[in-house]
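Colleague: Starting off with a structure, shown below.
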Amino acid sequence: MTSVITLLTDYGLEDGYVAACHGVIAGIAPEARVIDVCHLIPAGDVRRGAAVLAQTIPYLPLGIHIGAVDPGAGGARRAVAVEAGGRVFIGPDNGLLSWAVHASGGARAVYQISNEDHFLRPVSPTFHGRDVYSPVAGRLYGGLRPADLGPEMPLDRLVKLPEPTSLLREGAVEGEVVSVDRYGNTQLSIAAGDLQALGVRVGDTLGVWLGRRQLALPYRETFAAVPPGELVAFADSAGLIAIAVNAGDAAQRLGLPPGAHVRLSPTP
């Protein structure tokens with residue numbers, strides 16, 4: 001049962017873009033409850049948008065979920081509607097939706113959004129959030145079927161971002177930086193359970209390899225467990241290991257962008 005419409009974008013809060021999307025939805029489905037997931041995704045950062053949506057989706061009611069982080073806006077990429085786990089995800093076919101779809105149990109059906117009867121007119125080639133995704137979401141909320149949006153696509157044609165992975169081997173676990181939040185905390189693809197499997201417990205010291213650099217970091221329950229300015233590793237709210245600086249920016253200090261390789265191990 002559809003109970004909400006959610007919005008995740010890189011539109012920021014300085015302009016009227018988010019308000020325009022809200023206004024379009026309100027004009028079509030005034031009774032719909034709209035939840036703003038995030039509008040401060042770094043411009044065009046599809047990977048960060050995918051991570052935020054996937055890690056938030058388990059806590060959102062079933063509904064229609066708009067994702068609009070699209071550095072290819074105005075190009076040849078498709079707009080899609082994906083049915084997964086009782087939800088409908090709407091957005092560009094650039095991988096943005098793929099991790100949230102996976103977190104919802106996988107795609108059941110995918111439709112290309114091409115039926116212009118359901119769009120605002122004229123459609124701006126650079127503002128599909130307002131002119132395509134928002135009116136489509138409002139109409140889906142009102143009972144339109146996803147199959148009415150356009151032709152069904154084979155599931156394997158949906159663009160997917162590579163899933164972040166971790167690998168346990170030789171007494172260590174290897175992974176990558178999944179995303180960096182606004183505080184500069186670097187979230188890794190390594191789960192707290194991976195460290196537990198290596199015998200690492202909260203209170204221990206971790207060996208951390210960042211390329212050729214090696215560090216020893218305290219593994220604690222929270223960044224506040226170390227003095228301001230100190231580095232620390234902890235399990236974040238998604239159950240993944242994060243590297244942070246208490247009252248500082250770990251990504252900047254360590255030069256760790258999304259995708260950077262990281263290796264963790266117990267220390268003697």
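Numbered according to UniProt numbering, the sequence shown terminates at residue 268, and the numbering increases by one at each position without gaps.
The beta carbon of each residue, even a glycine, is placed where N, CA and C say it ideally should be.
#1: Distance check for Ala84 and Arg93, CA to CA, integer angstroms please.
#2: Quick check on the burial criterion: 16 or more other C-beta atoms within 10 angstroms. Buried or exposed for Gly67?
#3: Taking C-alpha atoms, which residue in Gly184, Asn185, Val178, Ser189 lies nearest to Leu168?
#4: The alpha helix (DSSP H) that contains Asp194, what's its start and end?
#5: Along the chain, where does the alpha helix (DSSP H) that runs through Tyr17 open and close?
#6: Is Asp148 a contact residue of the ligand GTP, with contact defined as CB to any heavy atom under 8 Å?
#7: Smallest Cα separation from Ala209: which of Gly184, Asp156, Leu264?
#8: Measuring alpha carbon to alpha carbon, tell me which of Leu158, Tyr183, Leu161, Asp194 ends up nearest Gly175.
#9: State the Cα-Cα distance for the pair Ala29 and Ser179, rounded to the nearest angstrom.
#10: Give me the Cβ distance between Ala137 and Ile41, rounded to the nearest whole Å; I'm assuming they're in contact under 8 Å.
#11: Report the residue from Leu97, Glu116, Val69 whose alpha carbon sits nearest the alpha carbon of Ala43.
#12: Compare the C-alpha of Val177 against each of His22, Asp15, Ala244 and name the closest.
#13: Nearest to Arg47 by alpha carbon, out of Ala81, Arg87, Leu96, Ala73?
Modeller: Let me lay it out:
#1: Here residue 93 is Asp; the residue named in the question, Arg, does not match the sequence. Rounded to whole angstroms, Asp93 to Ala84 spans 15 Å at the Cα level.
#2: Buried is the call here.
#3: Of the listed residues, the one whose Cα sits closest to Leu168 is Ser189.
#4: Residue range 192-197 is occupied by the alpha helix (DSSP H) that includes Asp194.
#5: Element bounds for Tyr17: 17-28.
#6: With respect to small molecules bound, the structure shown includes none, and the ligand GTP cannot be examined in it.
#7: The amino acid at residue 209 is misidentified as Ala; the sequence shows Trp. The residue with the shortest Cα to Cα distance from Trp209 is Leu264.
#8: Among Leu158, Tyr183, Leu161, Asp194, the Cα nearest to that of Gly175 belongs to Asp194.
#9: When rounded, the distance between both Cα atoms is 34 Å.
#10: Contact between Ala137 and Ile41 is ruled out by a C-beta separation of about 18 Å, above the 8 Å threshold.
#11: Nearest C-alpha to Ala43 among Leu97, Glu116, Val69: Val69.
#12: Closest by alpha carbon: Ala244.
#13: Comparing Cα positions, the closest option is Leu96.
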